[in-house]
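Step one of this worksheet: look at the structure below.
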Amino acid sequence: METRRVIYPVLYKSAHIVTITLAAFIVFTAKPGSSLFSWHPTLMAITFLFLTFEAVLVIDSDHSPLVGSSRSTQILFHQIINISSFASAMCGFVAIYYHKDISGYEHFKTWHGTMGVITLVIHFLQIIGGTITKYRYPYVQKLLNLKLNGLDLKIFHSSFGLLLYAVVWLTITCAMFSSWFSEYVTGIWWSICILSAVFLAIVSMHQILLFFILFVQIRIAEMFINGFVAIMRQLFFKTNKSSLKSK
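Okay, so the sequence shown: first residue is 25 according to my numbering, each after it adds one.
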């Protein structure tokens with residue numbers, strides 16, 4: 025436990041520095057505004073290397089940049105950052121789509137392109153799911169016939185978050201093997217970028233996994249307590265029924 029108290033703060037502070045540095049490096053390399061294509065790596069780096077990563081860490085009660093603020097404030101910023109990141113990602117998608125149209129290139133013919141589309145779809149669904157989780161719209165639950173409480177929704181949201189980040193980092197890794205990135209980033213700098221992406225993937229998915237485990241543990245405890253209460257009620261009912269018969 026003492027080791028975690030020492031290592032975790034250093035780990036998360038390092039992650040903040042690495043994600044900002046890597047995003048800035050890619051933006052610098054892309055030279056935004058130099059071409060239509062330049063906006064694709066620029067906006068995607070801002071989206072997935074900075075915004076979505078910070079959106080995960082902002083709700084960590086111990087290592088959040090908003091540490092000391094209320095839980096509701098942290099969740100609000102988590103939502104705002106995620107919505108902003110999706111808007112940024114869509115702009116990056118439009119930039120590469122029109123660039124390929126103008127250049128006469130085919131769409132979604134690479135692993136990076138295919139994984140990128142899948143990432144955007146999952147990202148959108150995760151935002152919708154997160155909004156439902158936060159506000160728990162009764163009419164949405166009724167429409168979809170969902171018999172889930174708030175904790176169940178949080179478990180699903182965390183699970184989908186793990187899926188999203190697995191796809192995000194796979195897409196980023198594919199991007200680092202693309203012809204554009206391999207041309208402009210070579211040698212030791214390419215290796216540093218790959219290692220940085222792996223480090224950030226581990227930190228972000230570890231954080232989401234902690235939330236998932238916590239929610240599952242609470243759900244199991246809740247089920248155990250409810251089961252125990254139900255058994256005690258049955259025993260109490262049978263005892264009362266037996267005593268009434270004896271009278």
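For each residue, glycine too, the CB sits at the ideal point set by N, CA and C.
Simplified DSSP state of residue i, which is helix, strand or coil
i	result
Ser228	helix
Leu67	helix
Thr134	coil
Thr97	helix
Asp84	coil
Lys55	coil
Gly128	coil
Contact under 8 angstroms by Cβ, residue i with residue j
i	j	result
Gln231	Asp84	yes
Ile41	Ala69	no
Ala221	Thr197	yes
Phe201	Gln150	no
Tyr208	Thr53	yes
Ile120	His64	yes
Thr76	Val191	no
His123	Leu60	yes
Leu188	Leu233	no
Span separating the alpha-carbon of residue i from that of residue j
i	j	result
Phe101	Val227	20 angstroms
Thr143	Ser93	31 angstroms
Ser58	Phe205	16 angstroms
Trp135	Thr155	30 angstroms
His147	Met229	15 angstroms
Ile179	Gln98	18 angstroms
Arg95	Ile212	41 angstroms
Met114	Val145	11 angstroms
Ser215	Ala225	15 angstroms
Gly128	Lys55	23 angstroms
Nearest-angstrom beta carbon gap, residue j and residue i [assumed within contact, 8 angstroms]
i	j	result
Leu67	Ser112	5 angstroms
Gly137	Thr71	Not quite, the Cβ-Cβ distance comes to about 16 angstroms (not below 8 angstroms), so this is no contact.
Candidates the options: closest to residue i by CA position
i	options	result
Cys217	Ile179, Leu234, Thr45	Thr45
Gly153	Phe77, Leu35, Asp176	Asp176
Ile105	Lys37, Lys133, Leu81	Leu81
Thr157	Thr97, Gln103, Phe74	Gln103
Ala199	Val141, Ile31, Leu187	Val141
Ala47	Pro33, Pro89, Phe74	Phe74
Thr43	Ser203, Glu78, Ser62	Glu78
Proximity test, Cβ basis, 8 angstroms: residue i and chain D
i	result
Ala39	Judged by its chain identifiers, the structure shown contains no chain D, having just a single protein chain.
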